[in-house]
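A quick write-up on the structure given underneath.
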Amino acid sequence: MYKLTKAIFAVSLLGLSFGAIAQPLPGIGRTALPKEIAAWDIDVRGDFKGIPKGKGSVALGNQVWDEKCASCHGTFGESLEVFGPIVGGTTKEDMKVGHVKALSDGSEPKRSTLMKVPTLSTIWDYINRAMPWNAPKTLTTDEVYGVVAYILNMGDILPADFVLSNENIAEVQKTMPNRNGMISMLDPKNTKEFDMWKARGKGDIKNPACMKDCVKKVEITSVLPDYACDAHGNLAEQNRTFGAVRGADKLISCNPHPSIEELNRTFNQSQAKR
Amino acid sequence: MSNELNKPGRIIRAPENFIDASLSQAITKEGLNEERRNFLRKSFVAATAAIAGTAALSQSAMAATSEGDPLILNHTEYDQTLGLPVATNPYGVPSKYETNLIRRESPGLTNVGGASVAFSPLQGLFGIITPSGLHFERHHQGWQDMDPAKHRLMVMGMVKNPKVYTMDDIMRLPSVSRIHFLECGANTATEWGNVAVPTVQYTHGMVSCSEFTGVLLSTLLDDCGFDKKNGKFVLAEGADGSGMTRTISMENALDDVIVAYGQNGEMLRPENGYPLRLVVPGVQGVSSVKWLRRIEVGDKPYDCKDEVSHYVDLMPNGMTRQYTSIQEAKSVITSPSGGQVLQGKGFYNITGIAWTGRGKITRVDVSADGGKTWRTARLETPVLSKAITRFNIDWVWDGSPAILQSRAMDDTGYVQPKINQLRGVRGTKSIYHNNAIQSWRVADFGEVSNVQVN
Numbered sequence: 001m002y003k004l005t006k007a008i009f010a011v012s013l014l015g016l017s018f019g020a021i022a023q024p025l026p027g028i029g030r031t032a033l034p035k036e037i038a039a040w041d042i043d044v045r046g047d048f049k050g051i052p053k054g055k056g057s058v059a060l061g062n063q064v065w066d067e068k069c070a071s072c073h074g075t076f077g078e079s080l081e082v083f084g085p086i087v088g089g090t091t092k093e094d095m096k097v098g099h100v101k102a103l104s105d106g107s108e109p110k111r112s113t114l115m116k117v118p119t120l121s122t123i124w125d126y127i128n129r130a131m132p133w134n135a136p137k138t139l140t141t142d143e144v145y146g147v148v149a150y151i152l153n154m155g156d157i158l159p160a161d162f163v164l165s166n167e168n169i170a171e172v173q174k175t176m177p178n179r180n181g182m183i184s185m186l187d188p189k190n191t192k193e194f195d196m197w198k199a200r201g202k203g204d205i206k207n208p209a210c211m212k213d214c215v216k217k218v219e220i221t222s223v224l225p226d227y228a229c230d231a232h233g234n235l236a237e238q239n240r241t242f243g244a245v246r247g248a249d250k251l252i253s254c255n256p257h258p259s260i261e262e263l264n265r266t267f268n269q270s271q272a273k274r
Numbered sequence: 275m276s277n278e279l280n281k282p283g284r285i286i287r288a289p290e291n292f293i294d295a296s297l298s299q300a301i302t303k304e305g306l307n308e309e310r311r312n313f314l315r316k317s318f319v320a321a322t323a324a325i326a327g328t329a330a331l332s333q334s335a336m337a338a339t340s341e342g343d344p345l346i347l348n349h350t351e352y353d354q355t356l357g358l359p360v361a362t363n364p365y366g367v368p369s370k371y372e373t374n375l376i377r378r379e380s381p382g383l384t385n386v387g388g389a390s391v392a393f394s395p396l397q398g399l400f401g402i403i404t405p406s407g408l409h410f411e412r413h414h415q416g417w418q419d420m421d422p423a424k425h426r427l428m429v430m431g432m433v434k435n436p437k438v439y440t441m442d443d444i445m446r447l448p449s450v451s452r453i454h455f456l457e458c459g460a461n462t463a464t465e466w467g468n469v470a471v472p473t474v475q476y477t478h479g480m481v482s483c484s485e486f487t488g489v490l491l492s493t494l495l496d497d498c499g500f501d502k503k504n505g506k507f508v509l510a511e512g513a514d515g516s517g518m519t520r521t522i523s524m525e526n527a528l529d530d531v532i533v534a535y536g537q538n539g540e541m542l543r544p545e546n547g548y549p550l551r552l553v554v555p556g557v558q559g560v561s562s563v564k565w566l567r568r569i570e571v572g573d574k575p576y577d578c579k580d581e582v583s584h585y586v587d588l589m590p591n592g593m594t595r596q597y598t599s600i601q602e603a604k605s606v607i608t609s610p611s612g613g614q615v616l617q618g619k620g621f622y623n624i625t626g627i628a629w630t631g632r633g634k635i636t637r638v639d640v641s642a643d644g645g646k647t648w649r650t651a652r653l654e655t656p657v658l659s660k661a662i663t664r665f666n667i668d669w670v671w672d673g674s675p676a677i678l679q680s681r682a683m684d685d686t687g688y689v690q691p692k693i694n695q696l697r698g699v700r701g702t703k704s705i706y707h708n709n710a711i712q713s714w715r716v717a718d719f720g721e722v723s724n725v726q727v728n
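Listed in order, the protein sequences are those of chains A and B. Residue numbering for the first sequence follows the working numbering, starting at 1 and increasing by one per position. Residue numbering for the second sequence follows the working numbering, starting at 275 and increasing by one per position.
If you want it as structure tokens, here you go:
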């Protein structure tokens, strides 16, 4: 009986995913009309599938930028005030090899958009769908081309007289500074050792589940920095006022901090006594 | 006996015994270290304040001197008066004594509230379900309260019949209700380089767990006749200003992805995507697109903003791992945890949560000595796939310094790593997917603080 139930259950599960309701459901939904699809199908893929016809000059982009973008992103796309920087940290050499050196040598700790993004399509797509931040989807297609061109001009990737269009954007892609900088989990050659795309894949870190004598000597390596001691306010007010514990109204172990050496000495002394 | 009677009065200690017994013992044996000195200084201030606060003092003194606890001996304001009528709060709200446990922002993390995070107060939550009003929030361009009557979902791309569905349509379809966690890919991001924030709310509060109700995405894909041969990916897109987009594998889409409208028995909360969102179990939260309005079937990934610029993992050699979707096994002790203070020596229930994007949690081990020795904790039922699992373990605190840790294992055999093991492979700049073992240091006077150990 149990086996039978289990078998029926398995079959019905299978059916749900692959066939039982593979037919269109009667009376549910309706066919999407071509104009509706066109209105919402705005995504642009890495191979530029989906990019609309149009063109925009660096000069047009400069105009839109100053009016609608600079207040958040800075005159030169360098600002950190509201969001991360868009421009900065890329070199002519990066454009040649397609991998941004500053990502490994740490010379630009605040990674800019141009340092990170391998696909120009993404910048086009994102500005088109989500910018300006407080008035998204209000730029014309040509303005989007212009703003993308201006960003690339600020990053010394395009000259000041450039006009970016659907016809030449794939060529410009070939100069993107970090175009070869990705290890994609969608590429099977990258997932032989580990896989973070497939649910049942392997991880990249192996930790044996040791139960006894796992560490010779425990050492604290990091504690809350002094400047962060009070940054999150009164922790007593972020915990219940009853129950197993209370919140600390002021972190004693952080005001000021005992040295890590002293913490380790105290901890290991008390461990040794056990 | 008097010790027992002192317990209710322990809310604020009487000034004459403002030093905890375990601390005075430690001072006698080992002298004053810097930390104990700080504690004494602070305790003296607190003791002085207690003298000023006569109400608190009298409560404590009464318990110590009378024949018993006045809260037991006398009638209370509750047992001799009439309570409130039904439906006083037509939509119930938590007790007025529970106002401390709320979603909070981490100061300095972001500059604008519309592109920010509010963390879930894990330090005070029980079980596996996050109350809907305490589910963490992450928005990229603010949140909207969308009119469900005006909401549409379009399924198009590589399908035989592209379709438009209203909420009326979607809620007629065969529904499933499943419990899954959602975790932001950047949960615990602040701790990659060093300890940065004090409490579990800020270290781990971008994970929540709900029962989601909706229709399986596979049902809609079948209804539109998706291209089973060439349709390898699905694009999900939101109806908000950010028009959030993410690529989802067809394997996931056909397995357990839910187009959800329900959360914990009611409709989704606006901050969590009302009236319709995607739930992609086990995958970083950004894929569970809120305010879902479009599903496109395609043959290639979409290289969306949050797949090339954010939610990617920078490695020490300057290469960036892309499409690292899965949230690997992780756990954290939620009580006692950072910023909390133990109320004296003795018995404690160490409790925490564990979860894995790869399946089920099979075991959680707990250490009280910084990872030298481990004991296996009890997993509370239910233990569900891609859901939070609650663990508990008994602990008698002897008053000496301790370092509490938890370590989760899942049914792929994967073991949650130590922070140094993670750093050894991934460095400190990858922002996302920090699933390291969390260490909480317990000082001899009971305060718990966030530390990292070797």
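Quick reminder that beta carbons are idealized off the backbone N, C-alpha and C, glycines included. Predicted model only: the values in this text are computed from it and were never measured.
Problem set entry | Candidates Q418/B, F665/B and T404/B: closest to P610/B by CA position | Residue 610/B sits at position 336 when you count from the first residue of the second sequence. When only C-alpha atoms are compared, the closest one is F665/B.
Exercise. If you run the structure through DSSP and keep just helix, strand and coil, what is L528/B?
Worked result: One-based indexing of the second sequence puts residue 528/B at position 254. Residue state, collapsed to three classes: helix.
For this session: My understanding is that G633/B touches D684/B, with C-beta atoms under 8 Å, so please give their C-beta distance in whole angstroms.
Result: For the purposes of this step, residue 633/B is taken as residue 359 along the second sequence, with counting starting at 1. For the purposes of this step, residue 684/B is taken as residue 410 along the second sequence, with counting starting at 1. Their Cβ separation, rounded to whole angstroms, is 6 Å, which keeps G633/B and D684/B in contact under 8 Å.
For this session: Decide yes or no for the touch test of the stretch 464 to 479 of chain B against the stretch 218 to 229 of chain A: beta carbon pairs closer than 8 Å, at least 3 of them.
Result: yes
Problem set entry | Minimum C-alpha distance to A209/A - residue among V716/B, Q726/B, T647/B and W671/B | As a working mapping, residue 209/A is identified with position 209 in the first sequence. Per the Cα distances, T647/B.
Problem set entry | Secondary structure of D66/A, DSSP reduced to three states | The residue given as residue 66/A occupies position 66 in the first sequence. Of the three classes helix, strand and coil, the one that applies to D66/A here is helix, per DSSP.
Exercise. Could you give the residue range of the alpha helix (DSSP H) that holds Y706/B?
Worked result: In the second sequence, counting from the first residue as 1, residue 706/B sits at position 432. Counting along the chain, Y706/B falls outside any alpha helix (DSSP H), and DSSP gives it neither H nor E.
Problem set entry | Closer than 7 Å: Y688/B CB and nearest the ligand GDP heavy atom | The ligand GDP is absent from the structure shown, which contains no ligand whatsoever.
Exercise. Pick from T362/B, I711/B, R595/B and V571/B: whose alpha carbon is nearest that of L103/A?
Worked result: Reading the first sequence from its first residue, position 103 is the one you call residue 103/A. Per the Cα distances, R595/B.
Exercise. So with Cβ pairs under 8 Å, would you call L616/B a contact of chain A?
Worked result: Numbered from its first residue, the second sequence carries residue 616/B at position 342. Cβ-Cβ to chain A under 8 Å: yes for L616/B.
For this session: Return the residue from the list W669/B, I600/B and G673/B that minimises the CA-CA distance to G201/A.
Result: In the first sequence, the residue the question calls residue 201/A occupies position 201. Comparing Cα positions, the closest option is I600/B.
For this session: Using only alpha-carbon positions, find the residue among G701/B, W417/B, N623/B and V474/B that is nearest to Q712/B.
Result: On the second sequence, residue 712/B is found 438 positions in, with the first residue counted as 1. Selected option, being the one with the closest Cα: V474/B.
Exercise. Can you tell which of I453/B, I402/B and G431/B has the C-alpha that lies nearest to the C-alpha of V531/B?
Worked result: Here residue 531/B corresponds to residue number 257 of the second sequence, with the count starting at 1. Taking only the C-alpha atoms, the option nearest V531/B is I453/B.
Exercise. Which residues bound the beta strand (DSSP E) around K55/A?
Worked result: Taking the first sequence and counting its residues from 1, one reaches residue 55/A at position 55. It spans K55 to S57 - the beta strand (DSSP E) in which K55/A sits, taken as one unbroken run.
For this session: Between the Cα of G547/B and those of P555/B, Q558/B, V554/B and W565/B, spot the shortest distance and give me the residue it belongs to.
Result: Working through the second sequence from its first residue, we reach residue 547/B at position 273. Of the listed residues, the one whose Cα sits closest to G547/B is W565/B.
Problem set entry | Helix, strand or coil at Q596/B according to DSSP, with G and I counted as helix | Along the second sequence, read from residue 1 onward, the residue named residue 596/B stands at position 322. Reduced to three states, the DSSP call for Q596/B is strand.
Problem set entry | Straight-line Cα distance separating N178/A from R697/B | For the purposes of this step, residue 697/B is taken as residue 423 along the second sequence, with counting starting at 1. For the purposes of this step, residue 178/A is taken as residue 178 along the first sequence, with counting starting at 1. Roughly 23 Å separates the two Cα atoms.
Exercise. Whose C-alpha, out of Y371/B, N435/B and W714/B, is nearest the C-alpha of L616/B?
Worked result: On the second sequence, residue 616/B is found 342 positions in, with the first residue counted as 1. The shortest C-alpha separation from L616/B is found at W714/B.
Problem set entry | beta strand (DSSP E) segment containing A676/B, residue limits | For the purposes of this step, residue 676/B is taken as the residue at position 402 of the second sequence. Element bounds for A676/B: A676 to D684.
Exercise. What residue range is occupied by the uninterrupted beta strand (DSSP E) comprising K503/B?
Worked result: As a first step, residue 503/B must be located in the second sequence, where it is residue number 229. Counting along the chain, K503/B falls outside any beta strand (DSSP E), and DSSP gives it neither H nor E.
Exercise. Whose C-beta lies closer than 7 Å to the C-beta of G388/B among residues of the same chain, with five residues either side of it excluded?
Worked result: Within the second sequence, the letter at position 114 stands for residue 388/B. So the qualifying residues of the chain are H413, Q415 and G416.
Problem set entry | Contact set for N728/B: own chain, Cβ-Cβ below 7 Å, skip 5 residues either direction | Taking the first residue of the second sequence as 1, we reach residue 728/B at position 454. These residues qualify, in order along the chain: N694.
For this session: From the DSSP output, in three-state form, read off F267/A for me.
Result: The residue labelled residue 267/A in the question sits at position 267 within the first sequence. Reduced to three states, the DSSP call for F267/A is helix.
Problem set entry | Short CB-CB distance (under 8 Å) between G515/B and chain A | Here residue 515/B is taken as the residue at index 241 of the second sequence, counted from 1. Yes - at least one Cβ of chain A is within 8 Å of the one on G515/B.
For this session: Leaving out five residues on either side along the sequence, give the residues of the same chain with a beta carbon under 6 Å from the beta carbon of L60/A.
Result: In the first sequence, counting from the first residue as 1, residue 60/A sits at position 60. Excluding positions up to five away in sequence, the list reads G146.
For this session: Could you spell out the range, first to last residue, of the beta strand (DSSP E) harbouring Y622/B?
Result: Within the second sequence, numbered from 1, the residue matching residue 622/B stands at position 348. Start and end: G620 to W629.
For this session: Please determine, among E721/B, V554/B and R637/B, the residue with the shortest C-alpha to C-alpha distance to G459/B.
Result: Looking up residue 459/B in the second sequence gives position 185. Selected option, being the one with the closest Cα: V554/B.
Exercise. With a Cβ-Cβ cutoff of 8 Å, do V670/B and G612/B count as a contact?
Worked result: Counted from its first residue, the second sequence places residue 670/B at position 396. Counted from its first residue, the second sequence places residue 612/B at position 338. Cβ atoms of V670/B and G612/B: not closer than 8 Å.
Exercise. Anyone know if the C-beta pair for T384/B and S394/B falls short of 8 Å?
Worked result: Taking the first residue of the second sequence as 1, we reach residue 384/B at position 110. Taking the first residue of the second sequence as 1, we reach residue 394/B at position 120. Contact: no.
Exercise. What residues from the stretch 168 to 179 of chain A come within 9 Å of chain B, judged by C-beta to C-beta, listed N to C?
Worked result: N178
Exercise. Pick from G512/B, E545/B and E341/B: whose alpha carbon is nearest that of S390/B?
Worked result: The residue you call residue 390/B lines up with position 116 of the second sequence. Of the listed residues, the one whose Cα sits closest to S390/B is E545/B.
For this session: Please list the residues of the stretch 562 to 580 of chain B that have a C-beta atom closer than 8 Å to any C-beta atom in chain A, keeping them in chain order.
Result: R567, R568, E570, G572, K574, P575, Y576, D577, C578 and K579
Exercise. Looking at chain A, which residues of the stretch 443 to 464 of chain B have a Cβ within less than 8 Å of any of its Cβ atoms?
Worked result: D443, R446, L447 and P448
Problem set entry | Contact set between E219/A and chain B, taken where Cβ atoms lie within less than 9 Å | Counting from 1 along the first sequence, the entry for residue 219/A is found at position 219. Simply G644, V727 and N728.
Exercise. At a CB-CB cut-off below 7 Å, which residues of chain B make contact with P118/A?
Worked result: Taking the first residue of the first sequence as position 1, residue 118/A is located at position 118. Residues of chain B passing the Cβ test: V582.
Exercise. Should I346/B go down as buried or exposed, given a rule of 16 or more other Cβ atoms within 10 Å for buried?
Worked result: To locate residue 346/B, count along the second sequence from 1; it is residue 72. I346/B is exposed by the Cβ-count criterion.
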